Amino acid sequence: MLKISLTLRLQLALIIVIGAALLKHHAWYYLGAYGAIALLWAWLLHVRIPQLGKLLGTELIFLSLLALPLGWERASFLLVRSLICLIVMNSFLLTLPPHSFGIALKSLPVPLPLKENLLLAGQYLEILLSEVTRMQRSAQLRGLNGSAGWLRYASAAMIGALYLRSLDRAERVYTAMVVRGYNGQLPIDSTLKPKERVAVIATCAIAACLTIGSYQLS
507 MLKISLTLRL
517 QLALIIVIGA
527 ALLKHHAWYY
537 LGAYGAIALL
547 WAWLLHVRIP
557 QLGKLLGTEL
567 IFLSLLALPL
577 GWERASFLLV
587 RSLICLIVMN
597 SFLLTLPPHS
607 FGIALKSLPV
617 PLPLKENLLL
627 AGQYLEILLS
637 EVTRMQRSAQ
647 LRGLNGSAGW
657 LRYASAAMIG
667 ALYLRSLDRA
677 ERVYTAMVVR
687 GYNGQLPIDS
697 TLKPKERVAV
707 IATCAIAACL
717 TIGSYQLS
């Protein structure tokens, strides 16, 4: 995997996701540019494609249920844009060392209460990924091999069980953190190096050009 610090990886991922999320509707050319950036990002992080594909399949099932009632033309753009954002963030999360989300989160210029909420959300996502892996193994033991078998397994009632199990584990993890003295403060410092700041500024400039350019379409 390319040597990119956790702080830089998080900030670059957030810039790409926010830029894509703010695109004007039906700006397909600009969305395609973000799609190329997302694929490049996944390649740079050397994310496992089968693992990423299974996770995206599960998430897109939920998104399709929310987007399709809006109409096919609008829903198609929303689903593709959501897919690009998910590729970027899932690539970051799948290549993240265990329990290291807080290290990267420490450097974000946001209020402390928001950092705490983001930290807990990141912890929940780690738990969710762990539960997905456990359910995949359980599905294989039950004879549901291959991607089609996994999608049938995930799209049935087991999706509800997945989130219930994840929620239960998240509550137990938070309780354990409080017992160990967690008060919302992270006793870690993580700052960007000068070269990393240049990379962040350059990425911001590219994302701003793409997003603003989408609104200048006639």
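Per the working numbering, the sequence shown starts with residue 507, numbered consecutively.
Virtual Cβ for every residue (Gly too), placed ideally from N, Cα, C.
Keep in mind that this is a model prediction, so the values were computed, not measured.
For residue i, the three-state DSSP class (helix, strand or coil)
i, result
"G577", "coil"
"T601", "coil"
"A711", "helix"
"I510", "coil"
"A527", "helix"
"S606", "coil"
"R640", "helix"
"R686", "coil"
"L561", "helix"
"T717", "helix"
"A533", "coil"
"P617", "coil"
"Q722", "coil"
"K699", "coil"
"R554", "coil"
Buried/exposed call for residue i, threshold 16 Cβ in 10 Å
i, result
"G525", "buried"
"W547", "buried"
"L620", "exposed"
"L647", "exposed"
"M507", "Because M507 carries a pLDDT of 48, less than 50, the predicted location of this residue cannot be relied on, and the following value inherits that uncertainty. By the 10 Å Cβ count, M507 comes out exposed."
"I543", "buried"
"L558", "buried"
"A533", "buried"
"R643", "exposed"
"T709", "buried"
"R703", "exposed"
"T564", "buried"
"R640", "exposed"
"A713", "buried"
"L599", "buried"
"R587", "buried"
"R686", "exposed"
"R515", "buried"
"L618", "exposed"
Assumed close pair residue i, residue j - CB separation to whole angstroms, cut-off 8 Å
i, j, result
"L529", "T717", "6 Å"
"L562", "L589", "7 Å"
"T513", "V553", "Between V553 and T513 the Cβ distance is about 19 Å, and since that is not below 8 Å, they are no contact."
Min CB distance residue i to chain C below 8 Å
i, result
"R580", "No chain C is part of this structure, which consists of one protein chain only."
* Can at least three beta-carbon pairs, one atom from the region 561-573 and one from the region 534-545, be found at a separation below 8 Å? -> no
* To do: Evaluate the contact criterion for the region 512-521 versus the region 586-606: three or more CB pairs, one atom per stretch, below 8 Å.
  => yes
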